[in-house]
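Asks: Sharing a structure, written as structure tokens. Questions coming.
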Amino acid sequence: MRHGRPPALVGTVSAPAEAAGGRCGRQGLVRGVSGLYIPEMTPVAASPVESDSGGSKLISGLLLVAVAGLAVLIVRWPEPPPDVQPPSAPAELSVGETTCTSVALSWAASTDDREVTGYDVHRDGQVVTSVGGGTRSAVLSDVPAGAWSVQVKARDEAGNVSTAGPTVSVTPPQCGSDAKAPSAPSGVKATADGTTVTMTWDAANDDVGVAAYDVFRDGAKVGSVDGGGGPQFTFVDLGVPASARHRYQVSARDGQGNGSSRSAGVEVTAGAVCTVLCAVTPVAEDTGVVSGLAVLPDGSVLYGRRDTFEVVRLDPGTGQATPLGTMPGAAGTGGDGGLLSLAVASTFARDRWLYVFYSTAADNRVVRLRLRGDELDGASMQSLVVGIPRGKVHNGGRLRFGRDGRLYAATGDAGNPRLAQDQRSLGGKVLRFNPDGTVPAGNPFGGYIWSLGHRSPQGLAFDARGRLWVQESGDGLTDETNLVVKGGNYGWPACEGTESRSTGGCETPGFVAPRLGFAAAEGGCGGMAFVRDVVYLACAGSSRLYRADLDGDGLANAQPMLVGAYGRLFTVEPGAAARCGWSAVPAPARVSCASRCPRQADRPPMWWRCGDRRRIA
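Using the numbering used here, you'd call the opening residue of the sequence shown number 269 and step up by one each time.
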């Protein structure tokens, strides 16, 4: 494609016989063109996704103008601008008939400059049903118990999605009362391996169902285990005080909070030599919701406060936290959006660039800005990738630098599953781009997209061989650990883990299968880090840290650790001197450090970050 302004005179025509008689017919004019050069209009810079998603396209129609001397001016005319105007937000959302299994909704019509073609109903940020543009009501079935929220968004034929309409809280009535507590667990056993104690017990009985088990060491609660599955349950207690005798008990509770009495106690003596983790020591506290950890060359750690959009520097030696500034233009989503991730390149000591993935009022985006002393330099901020879909949930947001010097970003489907397979959208993808935001050579689709078909990827890490892995949450069935390949399609929403959700599903040719999967009750993992040939997964949903071995192109020997002991774990990062992490407990959440284990050469120090939406996360 040529750039610059083309000349107006582009060719001459021989005068046909009819022209001598004053009849310059259209047919004769076109047929007589010789040596014709056809210029193009100067294009707008193309979209990094695809040309039909916002980049400029030129049609093949021509305008021919006859002028004196039979010179011909031929100009390509651009197509009308694409439809980029979203519909208005649906208003007047109201709740109609509500039962313990269904909820009826209705709302007012949205408007659009062209046509509203559909409405998507979101429950806690996730699309649960869709209706056509002429329908303004829906009935949700198989609704969950407890309180949850619902919103509606409108969309047009071009795929533009409105902002959410009003949020309405819904609490369906119980289908029945449950006042009976479960029985006490039986068959409790405990064995010690150094400072690691493994407990097992048999399932308790309940007239409705056991929701969870709570584990106690010396009278204090040290963790919880989900009540699903069975008939036997396991809890691993790490970092138990050495060379001492400890008493363990277990209790059961149901979904209504009815708790059993504690089981009979069992006693075990911890060894003198530590295994896996030797000790866990809190080193700092923060009452915000923490998002992302980035270890700097000097050993200090940067973290973000998700909901207040602040970047903080932490000295792990002293526990001193220093706020560095607030991200300009950041906005929350009412769910998991906000300040999502931080990254620094290997060149940080020289260039001082901090890379940030965060939400604005319009989108999710990746920017960079310089850290000067103890302040963020807002004037230096550069937008690298914009237009990533934002939603109440499923915003993704993990950043990692690869060995190739490129930056990789994991994006969620923003609660709209169809975006994951749409190559015109940056949602539900792994993106690859240069540190200045340009598209690097070698990307499979010509734009930023490196892989697609992801639902809610939050863990992103490279192994010792330089291969990229992603950890993502499923939709209630299976969480996935995926080895990312160039151009790979990971199947969402047709496939979740190895479970098909539609015709063809996981058997669709070209879909890439996960290397490891967890049931939802045992997963909810988002943080991810490799240390040599071992991967660590931080899990918020199941409040645990997994350790697994690399086995060729797969993972083996997945072992849960810290189950329920330190709250909801969200992020894990290699550190300089100790495994450290954020803990969500009833008090302000804490950064905790676990000393390295001299007997485990594959387990050098780590950071992890944990919490919930009320505390550090």
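All C-beta atoms in this analysis are idealised placements derived from N, C-alpha and C, irrespective of residue type, glycine included.
Taking the straight line between their C-alpha atoms, what separation do you get for Cys-828 and Tyr-716?
Replies: The amino acid at residue 828 is misidentified as Cys; the sequence shows Pro. The alpha-carbon atoms of Pro-828 and Tyr-716 are separated by roughly 35 angstroms.
Asks: As a quick exercise: from Thr-459, Gln-394, Gln-524, pick the residue whose alpha carbon is nearest that of Thr-468.
Replies: That would be Thr-459, whose Cα lies nearest to the Cα of Thr-468.
Asks: Measure the alpha-carbon distance for Gln-588 versus Val-612 and round it to whole angstroms.
Replies: So the two alpha carbons sit approximately 21 angstroms from each other.
Asks: Near Pro-509, which residues of its chain fall below 7 angstroms by C-beta distance, leaving aside the five closest residues on each side in sequence?
Replies: Around Pro-509: Ala-538.
Asks: Quick one: Cα of Leu-361 to Cα of Thr-403, how far?
Replies: About 13 angstroms.
Asks: Going by the CB atoms, is the gap between Thr-464 and Val-490 shorter than 8 angstroms?
Replies: No, the pair does not count as a contact, with Cβ atoms beyond the cut-off.
Asks: Rounded to whole angstroms, what is the Cα-Cα separation between Cys-542 and Arg-513?
Replies: Each residue's Cα considered, the two are about 15 angstroms apart.
Asks: Based on the DSSP secondary-structure assignment, which residues constitute the bridge partners of Cys-793?
Replies: Cys-807, per the DSSP bridge assignment.
Asks: Let's test the definition: count the other Cβ atoms within 10 Å of the Cβ of Thr-746 and tell me whether it reaches 16, buried, or not, exposed.
Replies: Classification for Thr-746: buried.
Asks: Rounded to whole angstroms, what's the CA-CA distance from Gly-670 to Ala-678? Just pull it up for me.
Replies: Their backbone Cα atoms lie some 13 angstroms apart in a straight line.
Asks: Tell me which same chain residues have a C-beta within less than 8 angstroms of the C-beta of Ser-430, skipping the five on either side of it?
Replies: Hits under 8 angstroms: Pro-354, Pro-355, Ser-356, Ala-357, Pro-358, Ser-378, Lys-421, Ala-422, Arg-423.
Asks: Quick one: residues in its chain with C-beta nearer than 6 angstroms to the C-beta of Asp-583, no 5 flanking neighbours on either side, listed in chain order?
Replies: Closer than 6 angstroms at the Cβ level, and outside the excluded window around Asp-583, lie Ser-568.
Asks: Buried or exposed: where does Gln-739 fall if 16 or more other Cβ atoms within 10 Å of its Cβ makes it buried?
Replies: Under this definition Gln-739 is a buried residue.
Asks: Taking the alpha-carbon positions, what's the Val-534 to Val-558 distance?
Replies: Roughly 38 angstroms between the two C-alpha positions.
Asks: Alpha carbon to alpha carbon, how far is Leu-728 from Ser-627? Give it in angstroms, no decimals.
Replies: In a straight line, the C-alpha of Ser-627 is about 19 angstroms away from that of Leu-728.
Asks: If you run the structure through DSSP and keep just helix, strand and coil, what is Glu-360?
Replies: Coil at Glu-360, not helix or strand.
Asks: Is Ser-614 buried or exposed, if buried means 16 or more other CB atoms sit within 10 Å of its CB?
Replies: Exposed, by the Cβ-count rule.
Asks: Since Thr-576 and Gly-605 should fall inside the 8 angstroms C-beta cutoff, what is the C-beta to C-beta distance between them, to a whole number of angstroms?
Replies: Contact doesn't hold; Cβ gap of about 13 angstroms is too wide.
Asks: What residue from Asn-663, Val-563, Leu-699 has the CA that sits closest to Ala-617's CA?
Replies: The candidate whose alpha carbon is nearest that of Ala-617 is Val-563.
Asks: Can you find the residues in the same chain that come closer than 6 angstroms, C-beta to C-beta, to Val-518, ignoring five residues on each side of it along the sequence?
Replies: Here the set comprises Pro-453, Val-456, Trp-469, Tyr-481, Val-483, Ser-531.
Asks: Can you tell me which residues form a DSSP beta bridge with Arg-391?
Replies: DSSP output for Arg-391 lists Gln-394, Val-418 as bridge partner(s).
Asks: Can you tell me the Cα-Cα spacing of Arg-633 and Ser-651, whole angstroms?
Replies: About 8 angstroms.
Asks: How far does the alpha helix (DSSP H) with Ala-216 in it reach, from first residue to last?
Replies: Because the chain here runs from 269 to 885, residue 216 falls outside it and cannot be looked at.
Asks: Here's the rule I'm using: 16 or more other beta-carbon atoms within 10 Å means buried, otherwise exposed. How should Ala-806 be labelled?
Replies: It counts as buried.
Asks: Could you please give the first and the last residue of the uninterrupted beta strand (DSSP E) stretch that includes Phe-669?
Replies: 666-669 is the extent of the beta strand (DSSP E) around Phe-669.
Asks: Can you list, in chain order, the residues of its chain with a C-beta nearer than 6 angstroms to that of Asp-388? Leave out the 5 residues immediately preceding and following it.
Replies: Excluding sequence neighbours, Asp-388 sits near Val-395, Ser-398, Lys-421.
Asks: Go to Phe-616, then tell me how far its alpha helix (DSSP H) extends in each direction, as first and last residue.
Replies: Element bounds for Phe-616: 616-619.
Asks: Determine the extent of the beta strand (DSSP E) in which His-514 is found, giving its start and end residues.
Replies: Per DSSP, His-514 belongs to the beta strand (DSSP E) from 513-522.
Asks: Along the beta strand (DSSP E) that carries Phe-501, what are the first and last residues, could you check?
Replies: Its beta strand (DSSP E) spans residues 500-505.
Asks: May I have a chain-ordered list of the alpha helix (DSSP H) segments no shorter than 4 residues that lie completely inside the segment 449-487?
Replies: You should have found no qualifying run.
Asks: Give a yes or no on contact between the segment 774-783 and the segment 741-759, applying the rule of three or more CB pairs nearer than 8 angstroms.
Replies: The segment 774-783, when compared against the segment 741-759, does touch it at the 8 angstroms Cβ threshold.
Asks: Taking just the CA atoms, how far does Ala-472 sit from Arg-636?
Replies: Cα to Cα, Arg-636 sits roughly 53 angstroms from Ala-472.
Asks: Could you tell me which residues DSSP pairs with Arg-638 in its beta bridges?
Replies: Arg-638 pairs with Trp-621, Asp-645.
Asks: Could you give the C-beta distance for Ala-479 and Asp-410, rounded to a whole number, given that I count them as a contact under 8 angstroms?
Replies: The pair is not a contact, with the Cβ atoms about 19 angstroms apart (cut-off 8 angstroms).
Asks: Please report the straight-line C-alpha distance between Glu-767 and Thr-594, rounded to a whole angstrom.
Replies: Their Cα atoms are separated by approximately 42 angstroms.
Asks: Going straight from the alpha carbon of Ser-741 to that of Gly-659, what length do you get?
Replies: Taking the straight line from one Cα to the other gives about 16 angstroms.
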